[in-house]
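This report refers to the structure that appears directly beneath it.
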Amino acid sequence: MGAGRSHDPHAGLVFVRGCGGTLWDIDGKAYLDFICGYSAVNLGHAHPRLLAAARTQLSQLAFCTGASHPWRSELEKKVAQLVDGPSLESNETKSKVWLSSTGARAVEIAWKIAFANRPGKMMRFHLSYHGRSLATAHISDTGSSDALRHQVGVKASMEGQDLHCVIPFPMCGRQCDGKCEDCDASIDVARHWLDCHSEDTSAMILEPAIGARGYYFASGAYFRRLVKLLRSYGVQVISDEIQMGLGRLGSMIASIDDGWKPDFVVLGKSLGGGITPISAVIGDRDRMDKLPQGFESETFAANPLACRVALEAISVLNDESLMASVSRRGNLFRETLRGAISAGCRVDGRGFATVIDLSGLSNQGDRSDDASRIAWDWVCHAQGQGLLVHLTGVERNRIAIIPPLNMEDAALQQAIEILSSFWKVK
Ligand SMILES: Cc1ncc(COP(=O)(O)O)c(C=O)c1O
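What follows is the structure in structure tokens.
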């Protein structure tokens, strides 16, 4: 027996097939997949080009631990170019790439490299999520896993060492000008920490939008302010784009598109096209070279199958001109959704990452646990109508809508109709 996920409205669903933006359960019922593996399936299920690449590679060479192979070097170059821009002149990229297999491992590697360059503590956002390995759980808002960390003694062994500092993530949303009270308060906490600890702070790890912990968005202006501040103290910046990079926010690298350049970018999920786990850390050559040879290894990292699928995934993301279409269609989707659901719900987002925040319902006389109950019922209603959306947020009163980047317009419209029908039957 596997361990259950009884906190999830989708608990009990058993899926047996996926194609494009649709999943089928064991009884043959179809669902529009507006969760899409939290961005692991950004190109939809069973994309024909990804399947063809995987099949070819499987029959050629699937695995060879540690060794170099052409798909690995080709992928390292392509991933570096996502940050450097395509360099037609030479094969020498400005950045270097470290390939790994999961998101949490890649975050740990970025952390180690940052530490090798500048030892010290880590800064992170409240509500950030960087994985559930023992190290990444320590810099994540993992809620219930605090208890687990206590149990295994990790927290106890780290106690007193004050390994990291937590900066509040502003709750003002994507449209803010970056100068509101929330943004100022967040910057003030960061400045205060840096005034006292700049000498022994290594890096800040950021998500360009909070993913797993509730789909919260802040403006580019806020991020630029924060990154400028960190730089002025010599603190390195790690952008964890495992969930929000590679198209989710309408750009391949969300931080660069937003006008702030991190020292390290971490990618995962979507890089493997929903077929093979693969992740990457990208940073300047000089910084990346600081991690000594032989310091890291991982059995399945950068295997030929994963590299070949990742190469094809990047190529599809570029070829299908998805980025511009994701930004434009995402904005239109949110505009239409706003007009179709209760006025007490706030809709926010960027690209194809959209959230409905129900907390405003409690300001209208409902209690906040009512907002959570309504959110639960709404997700269950959508599921009944064949639409999968994700219940999220600390108080579980937010609904994240995460379609594949190539989801057809008709499916987007259908999702809006299903979501709005909840308010008609209520
Ligand atoms: C921003 C972010 N970082 C790290 C991770 C961890 O990735 P993985 O589950 O592949 O270890 C996730 C997973 O959801 C994530 O969203």
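Basically the numbering used here = 1-based index in the sequence shown + 62.
Virtual Cβ for every residue (Gly too), placed ideally from N, Cα, C.
A quick note: this is a predicted structure, and the numbers were derived from the prediction, not measured.
Query	Result
With DSSP as the reference, identify every bridge partner of T84, one or two as the case may be.	C81, L94
Ignore the nearest five residues each way along the sequence and tell me which others in T127's own chain have a CB closer than 7 angstroms to its CB.	T361
Would the beta-carbon of V456 be found less than 7 angstroms away from any heavy atom of ligand 1?	no
Roughly how far, in whole angstroms, is the beta-carbon of H226 from the beta-carbon of D203, given that I think they are within contact range, below 8 angstroms?	Contact doesn't hold; Cβ gap of about 12 angstroms is too wide.
Just how far apart, CA to CA, sit P71 and W438?	7 angstroms
Roughly how many angstroms lie between the CA atoms of T263 and L450, to the nearest whole one?	41 angstroms
Could you give the distance in angstroms between the alpha-carbon of R412 and the alpha-carbon of N393?	7 angstroms
Alpha carbon to alpha carbon, how far is V388 from D95?	16 angstroms
Could you check where the beta strand (DSSP E) with R226 kicks off and where it finishes?	One point to set straight first is that residue 226 is His, not Arg, in the sequence displayed. Its beta strand (DSSP E) spans residues 226 to 229.
Using DSSP with H/G/I as helix, E/B as strand and the rest coil, what is C254?	Sequence check: residue 254 is His here, not Cys. Helix at H254.
Using a 10 Å radius around the Cβ and a threshold of 16 neighbouring Cβ atoms, would you call T118 buried or exposed?	exposed
Hey, would you say the C-beta of V299 is under 7 angstroms away from at least one heavy atom of ligand 1?	no
Would you say the beta carbon of D203 is closer than 7 angstroms to some non-hydrogen atom of ligand 1?	no
Give the straight-line distance between the Cα atoms of I249 and W322, rounded to the nearest whole angstrom.	16 angstroms
Quick one: using the 10 Å Cβ neighbour count with 16 as the cut-off for buried, is G345 buried or exposed?	buried
Suppose the cutoff is 8 angstroms on Cβ atoms and the five residues either side in sequence are ignored; what does the same chain contact list for E221 look like?	At E221, the pLDDT of 46 sits below 50, so the modelled position is not reliable; the number obtained from the coordinates is stated separately. Contacts found: none.
For A92, which option in K174, L105, V76 has the closest C-alpha, if you only look at C-alpha atoms?	V76
From the DSSP output, in three-state form, read off H452 for me.	strand
For W133, list the residues DSSP reports as bridge partners.	W133 is not bridged to any residue.
Give me whichever residues DSSP pairs with D410 in a beta bridge.	V417
What are the boundary residues of the beta strand (DSSP E) that includes G273?	No beta strand (DSSP E) holds G273; DSSP gives it neither H nor E.
Can you grab the Cα-Cα spacing for the pair L196 / R167, in whole Å?	10 angstroms
CB-CB under 7 angstroms to A178, same chain, minus the five flanking residues each way: which ones, in chain order?	K352, L353
Where do the N-terminal and C-terminal ends of the beta strand (DSSP E) with K183 fall, by residue?	183 to 187
When DSSP builds the beta bridges, which residues end up paired with Q298?	A265
Report all residues for which the CB-ligand distance to some heavy atom of ligand 1 is below 6 angstroms; order them along the chain.	Y100, T164, G165, A166, V169, Y191, H192, G193, E269, G273, A274, D302, I304, Q305, G330
Within the continuous beta strand (DSSP E) that includes S341, where are the two ends?	341 to 346
How big is the Cα-Cα spacing for S281 and G273?	15 angstroms
Tell me the residue span of the alpha helix (DSSP H) that contains W173.	165 to 179
Can you tell which of R180, L308, S101 has the C-alpha that lies nearest to the C-alpha of D348?	R180
Work out the CA separation of D320 and R287 for me, nearest whole Å.	12 angstroms
If you count every other CB in all the chains shown that lies within 10 Å of the CB of D208, and 16 or more means buried, which is it?	Because D208 sits at a pLDDT of 48, beneath the cut-off of 50, its placement in the model cannot be relied upon, and the following sentence gives the value as read from the coordinates. Exposed.
State the Cα-Cα distance for the pair V409 and F279, rounded to the nearest angstrom.	11 angstroms
Counting only the same chain and skipping the five closest in sequence on each side, list residues whose C-beta sits under 7 angstroms from that of I171.	W160, S162, V343, E358
Of the residues I97, A405, W86, D89, which one's Cα is nearest the Cα of Q305?	I97
In its own chain, which residues sit with a C-beta less than 8 angstroms from the C-beta of T454, not counting the 5 before and 5 after it?	A274, R275, G276, Y277, V417, R460, I461, A462
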